[in-house]
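Asker:
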DNA sequence: CCCCGCTCTCAGGGCTCTTTCAGGTGCGGG
DNA sequence: CCCGCACCTGAAAGAGCCCTGAGAGCGGGG
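Residue numbers (the working numbering), protein chains in the order written: chain G, 5 to 224; chain P, 5 to 224.
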């Protein structure tokens, strides 16, 4: 999220995090551009009015580089800069300030679903399925209720089903990139997940690879 | 960019940045190697003549670690070190000094377009396979469980299948670069590996080359 | 205002893996 | 044929990884 109003930025960040998203904030256009160039984000939320480089410039620059990360642009109601211009510059959608949080959330979700990134509708491993769009998880016919964090961790593991994901990997992708807390948090969430998706079914989908990380077998 | 001539380095950096690239500079071979190991760069520009470690060593070291970041090598016109050697060492392309900026730019673009040098997903030697992504090892259809250290040692040997890896090599790449413990640890792990990947199958994949190190035959 | 669910921290403990060490074995050179 | 050095081996101590239960902080909803 590239947004210079700190209050707005941190409020949105908290909201999105509560749903399990992992959010980085840039307060200036130049910082934001740099971060967007360096990291493979799922989507960007970009304000138009920014110190450094403005939203249009960021869009054009990224698109010019062949970077097609979905962009949601925030435009000012009475701004002389039209919304159409935002789309012309390469944004995928726009939102007029002021806007409600739920609308932002819905638009973002739509962008992700549409996603340029080839993102399978549902992730499957054996009889375990995870649907990022609806945020539902089920084993066979039985639906499983997960918290936001639990869901994110499971989603991440499922996206790389078969591969080993290190704790560092999980931290950087599910928590923030520069997370520096106790890595033990990952172990804790693995336990929560096992208690919900494995134990009740007598299964062992989530495997510990000692010294390396965790793995979900591609076939469940 | 690993280049010790500050003027050249910063001139190139400015040029590349003007086109939207993001450039880090290392002035010594050792710094450069470290940075290349720690960060996922899109490409490296490496001078041959460097304080610390030279360009060849950097190439070999990175390739040995399974790091296939595209490398553009800068060679000296009258250098006794041939360009062919650069390619042998694992560079993807080379440029003879002095060169014009536009040529460098064009070569770099070509490297990026070509994309990452295709890395083999799994390492194979006869019927023995090692998959770094999933951390699975198998002989034929039988899966073999290895500990973290065992896996690392085997992976290292497999990456240079057919070549002899000295104990020093193994220590520097699997343990720390400046490991100063007892080199006997390598012998111990070779034994563990033989007990797991050879003995049960009546095979002798891991060969001792007395006075030189160990080797895994490329065909198992 | 209280309760409840979610996230995260912390400390303890089990168990596997890693490393060390001391002594044995065998190859190769003299 | 013998000796030395490089390599091999078994066992045991130590370290570190991972799991777990308990609980604090926080925010939302009743």
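C-beta: ideal position from N, C-alpha, C; glycine also. Every value quoted in this text rests on a predicted model; they were computed, and no experiment measured them.
1. Beta carbon of residue 59 of chain G, beta carbon of residue 77 of chain G: below 7 Å?
2. Which one of G:201, G:34, G:27 and G:61 has the shortest CA to CA distance from residue 45 of chain G?
3. If you count every other CB in all the chains shown that lies within 10 Å of the CB of residue 122 of chain G, and 16 or more means buried, which is it?
4. Would you report the Cα separation of residue 191 of chain P and residue 155 of chain P, rounded to the nearest angstrom?
5. At 8 Å on the CB atoms, spell out the chain P contacts of residue 202 of chain G, in chain order.
6. Can you find a CB in chain G that lies within less than 7 Å of the CB of residue 138 of chain P?
7. List the DSSP bridge partners of residue 141 of chain G.
8. So, is residue 206 of chain G buried or exposed, given that buried needs 16 or more other C-beta atoms within 10 angstroms?
9. For the region 171-188 of chain G, enumerate the residues whose C-beta is nearer than 8 Å to any C-beta of chain P, in chain order.
10. With DSSP run on the structure shown, which of helix, strand or coil describes residue 32 of chain G?
11. Is it a yes or a no for the region 200-215 of chain P touching the region 142-155 of chain P, going by three-plus beta-carbon pairs under 8 Å?
12. Here's a check: name, in chain order, each residue in its chain whose Cβ is nearer than 7 Å to the Cβ of residue 146 of chain G, leaving out the five neighbours to either side.
13. Taking residue 159 of chain P as the reference, which of P:185, P:183 and P:132 has the closest Cα?
14. Within 7 Å of any Cβ in chain P, is that where the Cβ of residue 46 of chain G sits?
15. Residues of chain P with CB under 7 Å from residue 166 of chain G, in chain order?
16. My output table needs one value for residue 208 of chain G: the three-state DSSP class, helix, strand or coil.
17. With a Cβ-Cβ cutoff of 7 Å, do residue 134 of chain G and residue 162 of chain G count as a contact?
18. With a threshold of 8 Å on Cβ separation, who are the neighbours of residue 101 of chain G within its own chain once the five nearest residues in sequence on each side are excluded?
19. Examine the Cβ distances between the region 164-176 of chain G and the region 105-117 of chain G and report whether three or more of them are shorter than 8 Å.
20. Who are residue 178 of chain P's beta bridge partners in DSSP?
21. Taking only beta carbons into account, state which residues of the region 151-162 of chain P come closer than 7 Å to chain G, listed in chain order.
22. Beta-carbon of residue 213 of chain G versus every beta-carbon of chain P: anything under 7 Å?
23. In the DSSP assignment, find the beta strand (DSSP E) that holds residue 193 of chain P and state where it starts and stops.
24. If you measure between the beta carbons of residue 95 of chain G and residue 168 of chain G, is that distance less than 7 Å?
25. Using beta carbons (cut-off 7 Å, strictly below), is residue 216 of chain G in contact with chain P?
26. Buried or exposed for residue 74 of chain P, going by 16 or more other Cβ atoms inside 10 Å?
27. Looking at the secondary structure, which residues open and close the alpha helix (DSSP H) in which residue 22 of chain G lies?
28. With a Cβ-Cβ cutoff of 7 Å, do residue 68 of chain P and residue 54 of chain P count as a contact?
29. Can you give the Cα-Cα distance for residue 84 of chain G and residue 98 of chain G, rounded to whole angstroms?
30. Taking its Cβ as the centre, do 16 or more other Cβ atoms sit within 10 Å of residue 13 of chain G, making it buried, or is it exposed?
31. Using the three-state DSSP reduction, which class does residue 94 of chain G fall into: helix, strand or coil?
32. In three-state terms, what does DSSP make of residue 46 of chain G?
33. I need the DSSP call for residue 37 of chain P, collapsed to helix, strand or coil.
34. Who are the Cβ neighbours of residue 71 of chain G in its own chain at under 8 Å, not counting the five residues just before and after it?
35. Does the beta-carbon distance from residue 30 of chain G to residue 64 of chain G come in below 7 Å?
Answerer: Inspection of the coordinates gives the following:
1. yes
2. Looking at the Cα atoms, G:27 is the closest of the given residues.
3. Confidence is the limiting factor: at residue 122 of chain G the pLDDT is only 40, short of 50, which leaves the residue's position unreliable, though a coordinate-based value still follows. Exposed.
4. 15 Å
5. Result: empty, since nearest Cβ-Cβ is about 20 Å, beyond 8 Å.
6. yes
7. Residue 141 of chain G pairs with G:134 and G:148.
8. Exposed is the call here.
9. Under the 8 Å Cβ criterion, the region 171-188 of chain G contributes no residue.
10. coil
11. Three or more beta-carbon pairs drawn from the region 200-215 of chain P and the region 142-155 of chain P are found closer than 8 Å, and the two stretches are therefore classed as touching.
12. none
13. P:132
14. With 7 Å as the cut-off, residue 46 of chain G does not count as an interface residue toward chain P.
15. 138
16. Three-state result, residue 208 of chain G: coil.
17. yes
18. 78, 79, 80 and 81
19. no
20. Note: residue 178 of chain P sits in no beta bridge, so no partner.
21. Look at the region 151-162 of chain P: the residues with a C-beta under 7 Å from a C-beta of chain G are 151 and 152.
22. yes
23. Looking at the DSSP string, residue 193 of chain P is not in any beta strand (DSSP E); the run it does join, the alpha helix (DSSP H), is 188-197.
24. no
25. yes
26. buried
27. Its alpha helix (DSSP H) spans residues 10-22.
28. no
29. Here residue 84 of chain G scores only 49 on pLDDT, less than 50, and its place in the model should not be relied on; the value that follows carries that caveat. Cα-Cα distance, rounded: 15 Å.
30. buried
31. coil
32. Three-state DSSP puts residue 46 of chain G in coil, outside helix and strand.
33. helix
34. Cβ neighbours of residue 71 of chain G beyond the five flanking positions: 40 and 41.
35. At a Cβ-Cβ threshold of 7 Å, residue 30 of chain G and residue 64 of chain G do not count as neighbours.
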